[in-house]
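Mapping the sequence shown onto numbering that gives the first Met the number 0, position 59 (from 1) lands on 58, and the numbers just tick up by one. Here a beta-carbon is modelled for each residue, glycine too, at the ideal position from N, C-alpha and C. From a predicted model like this one, the values you see are computed outputs, not experimental measurements.
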Amino acid sequence: MADYKNILVCVYGEESSSEDTFDQACAFALKEGAKLYITSVVDPKPYASMSRFDKNIVERVKQQASEQLQAFKQKAEEKGIAEVETILDVGTPKVRIASHIVPNYNIDLIIAGETVGRRVERAITGSISKGIAKRATCDVIIVNDSGEPVTKT
Numbered sequence: 000m001a002d003y004k005n006i007l008v009c010v011y012g013e014e015s016s017s018e019d020t021f022d023q024a025c026a027f028a029l030k031e032g033a034k035l036y037i038t039s040v041v042d043p044k045p046y047a048s049m050s051r052f053d054k055n056i057v058e059r060v061k062q063q064a065s066e067q068l069q070a071f072k073q074k075a076e077e078k079g080i081a082e083v084e085t086i087l088d089v090g091t092p093k094v095r096i097a098s099h100i101v102p103n104y105n106i107d108l109i110i111a112g113e114t115v116g117r118r119v120e121r122a123i124t125g126s127i128s129k130g131i132a133k134r135a136t137c138d139v140i141i142v143n144d145s146g147e148p149v150t151k152t
């Protein structure tokens, strides 16, 4: 196994296996003595039509994501992970994670849930996690609904 120093876990809210994915990431971070980064990337595209009626919709989604990140950070610290940082970003998740977050934070392992993204998007463009794995320059582990790692790239 590689010597991981900076592990990134992707949490996406209720559409994903965020809890199982998070637990796997914490286990890796503890085993490796690594810093754990917890990220949520808010994709504004699904809210574009709603923003005509509600100009603050994306800001509210970002606030909810920020609160979720802080809750996950607290859980990670309670599990004994010494270094934990949250990253809230805006854009297309599979692109922002691979092209912005990974290089800027020197990430060497990404752990993402298998069942992320909306069904229509998955049907058209593929899942977020598979998109991350395709674009990332580091190792990627995809965790399935039952909390088991199913893919390592």
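| Asked | Found |
| --- | --- |
| Start and end residues, alpha helix (DSSP H) containing cysteine 25 | 17-31 |
| Local Cβ density within 10 Å of arginine 95, reported as buried at 16 or more and exposed below that | buried |
| Cβ neighbours of lysine 72 in the same chain (closer than 7 Å, five flanking residues each side left out) | Ile37, Val83 and Thr85 |
| CB contact flag (valine 64, valine 101, <8 Å) | In the sequence on display, residue 64 carries alanine and not valine. No. |
| Residue closest to serine 39, alpha-carbon to alpha-carbon, out of Glu31, Gly90 and Lys74 | Gly90 |
| Where the alpha helix (DSSP H) containing glutamate 58 begins and where it ends | 56-77 |
| Cβ distance (whole Å) where glycine 112 is taken to contact tyrosine 11 below 8 Å | 7 Å |
| Distance between lysine 34 and isoleucine 123 (C-alpha atoms, nearest Å) | Because the pLDDT of isoleucine 123 is 43, which lies under 50, any placement of that residue in the model is unreliable, and the question is left without a value. |
| Closest Cα partner of alanine 135 within the set Ser126, Ile141 and Ile109 | Ile109 |
| Cα-Cα separation, lysine 30 to isoleucine 106 | 16 Å |
| Inter-residue Cα distance where the pair is serine 17 and isoleucine 141 | 11 Å |
| In DSSP terms, what aspartate 88 is bridged to | Val40 |
| Counted within 10 angstroms of its Cβ, other Cβ atoms place lysine 214 as buried (16 or more) or exposed | Past the boundaries of the shown model lies residue 214; the chain is included only from 0 to 152, so the question cannot be answered. |
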